[in-house]
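Chemist: Residue numbers for the sequence shown follow the numbering used here, so the first one is -8 and each next one is one higher. Just so it is clear, CB atoms sit at the ideal spot from N, CA and C, and this is done for glycine as well. Here's a structure for you.
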Amino acid sequence: MWTHVGGEWFEVSRPPYLPVDMRWERAVADGLTADVSHAFGIFDRTLCGIQVAGMSPSDYWWLPERENACGACRDMAGVIDGRWPQALRSEDARVSVARRL
């Protein structure tokens, strides 16, 4: 990710780690069933891959521990979380590398 976070331009920065229950919003759309809670992922899809026209993130967290949480979204959230290096999970564990000119 290329961003400017108070240092030199072209600085590469990793976002801070967030626990699974604070990382994704609940997906909302007319085509999603109300009895299953899906996590809004990227590219207008849920973590389990559902894509519905007009889908967006809600104002509420997607909570994987709830009974109505989509099992496939929960599984994918676990895979994504498992890829985050353990050494970079603390609040002060930011990776930042500035391009040298």
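Just mark residue 79 as buried or exposed, buried being the case when its beta carbon has 16 or more other beta carbons within 10 Å.
Modeler: Result: exposed.
Chemist: Which value, in whole angstroms, describes the spacing of the CA atoms of residue 26 and residue 57?
Modeler: Going from the Cα of residue 26 to the Cα of residue 57 covers about 11 Å.
Chemist: Tell me the rounded alpha-carbon separation between residue 65 and residue 45.
Modeler: Each residue's alpha carbon lies about 22 Å from the other.
Chemist: What three-state label does DSSP hand residue 17 in the structure shown?
Modeler: It is a strand residue.
Chemist: Spatial neighbours of residue 18 within its chain, please: CB distance less than 6 Å, with the 5 preceding and 5 following residues excluded, ordered by chain position.
Modeler: If we look at residue 18 and ignore the five residues flanking it on each side, its Cβ neighbours are 29, 31, 37 and 46.
Chemist: Tell me, which residues are paired with residue 52 by DSSP?
Modeler: Its beta-bridge partners are 16.
Chemist: With respect to the alpha helix (DSSP H) encompassing residue 26, which residues constitute its N-terminal and C-terminal limits?
Modeler: First-last for residue 26: undefined, no H or E at that position.
Chemist: So, residue 21 versus residue 54, is the Cβ gap smaller than 9 Å?
Modeler: No, they are not a contact pair.
Chemist: Spatial neighbours of residue 48 within its chain, please: C-beta separation below 6 Å, excluding the five flanking residues on both sides.
Modeler: Only 16 and 31 meet the Cβ criterion.
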